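Enquirer: Structure provided below as structure tokens; questions to follow.
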Amino acid sequence: MTKDRKKIVCITLFGLYIVTNLILLYFHEAWRDEAQVWLLARDIPFFELPRQMAYEGHPCLWHWVMFPFVRLGLPYFTQNIVAFVIVAVAAYLLIFRSDFPFWVKGILVFSPFLTYYYPVIARGYCMIPLFLMLLAYWYPRRMQDSVRYVLVIALLVQTHAMMVVTAFLMCVCYLAESVLAYLAEKDKKTLTKRLGSLSLPLASALF
């Protein structure tokens, strides 16, 4: 397949994805937990939101993302648009930047998670595919740009409690790779930078 034809196929697939989810979004009726996030962002000060999470069972990153939109007086439907855009970016990276065969890309983007569940229902889960796509995209350069790579892992921790284990395993792998790289390079400064960057997901988990 030529480069131009690949580009046309990608654009077509992405266009179908966008149209499908916009239709689903148009007919979506808000769930109670979606409204809960919007109301908490409306009624609780920014730095007091983490304390409220003890009663919510979720990290507060999604509440913080919603905070400026709520305080600007935008309509409630805005949070669904934000969720849709976040997942659409993840789908873009998957379709245009990954090396998967086109049939695999099609199955993934039109799976229940990337179609409807994440982009239409406005929950903090919508950030998971974006952060995972960014981690995959930056993975080849993880040793050269440790802070950016590990920072995304730290953000992944704040999407959902179930992602803590995933983030922990990523950090263990990165730690092992950093030690092995040090044994080969004997560069203490680089090792210190890489190990120091791991404090970001640790702080995120403790937070």
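Whatever position you read off the sequence shown (first residue = 1), add 1258 for the numbering used here.
Even for Gly, the Cβ is constructed at its ideal location relative to N, Cα and C.
If you're wondering where the values come from, they're calculated on a predicted model, not measured in any experiment.
Taking Cys1318 and Ile1344 to be in contact with their CB atoms under 8 Å, please state how far apart those CB atoms are, rounded to whole angstroms.
Expert: With a Cβ gap of about 16 Å, Cys1318 and Ile1344 do not count as contacting.
Enquirer: Could you check where the alpha helix (DSSP H) with Asp1445 kicks off and where it finishes?
Expert: Asp1445 -> no alpha helix (DSSP H), and no H or E assigned at all.
Enquirer: For Glu1435, which of Arg1406, Val1410 and Gln1402 has the nearest alpha-carbon?
Expert: Per the Cα distances, Gln1402.
Enquirer: Could you tell me whether the Cβ atoms of Phe1325 and Phe1304 are closer together than 9 Å?
Expert: Taking 9 Å as the Cβ cut-off, Phe1325 and Phe1304 qualify as a contacting pair.
Enquirer: Quick check on DSSP: helix, strand or coil for Ser1356?
Expert: In the structure shown, Ser1356 sits in coil (DSSP, three-state: anything other than H, G, I, E or B).
Enquirer: Below 9 Å between beta carbons: does that hold for Leu1271 and Val1367?
Expert: Going by C-beta atoms, Leu1271 is nearer than 9 Å to Val1367.
Enquirer: Taking 8 Å as the cut-off, does the region 1268 to 1286 touch the region 1372 to 1379 (at least 3 CB pairs, one atom from each stretch)?
Expert: At 8 Å Cβ cutoff, the stretches touch.
Enquirer: Specify the secondary structure class of Ile1379 as computed by DSSP and reduced to three states.
Expert: Coil, per DSSP.
Enquirer: For the region 1293 to 1366, which segments carrying the alpha helix (DSSP H) assignment without a break, of at least 4 residues, lie completely within its bounds, in sequence order?
Expert: With a minimum length of 4 residues, the continuous alpha helix (DSSP H) runs that stay inside the region 1293 to 1366 are 1307 to 1310, 1319 to 1329 and 1336 to 1350.
Enquirer: Quick one: grab the DSSP three-state call for Leu1462.
Expert: It should be pointed out that residue 1462 corresponds to Ser in this sequence rather than to Leu. Ser1462: helix per DSSP, three-state reduction.
Enquirer: Just how far apart, CA to CA, sit Val1362 and Val1328?
Expert: Looking at the two C-alpha atoms, the distance is approximately 38 Å.
Enquirer: Anyone know if the C-beta pair for Ser1455 and Val1408 falls short of 9 Å?
Expert: Closer than 9 Å, so yes.
Enquirer: Helix, strand or coil for Glu1435 per DSSP?
Expert: Of the three classes helix, strand and coil, the one that applies to Glu1435 here is helix, per DSSP.
Enquirer: Closest to Leu1460 by CA distance: which of Ser1369, Leu1433 and Pro1359 is it?
Expert: When only C-alpha atoms are compared, the closest one is Leu1433.
Enquirer: Spatial neighbours of Tyr1350 within its chain, please: C-beta separation below 8 Å, excluding the five flanking residues on both sides.
Expert: Excluding sequence neighbours, Tyr1350 sits near Phe1272.
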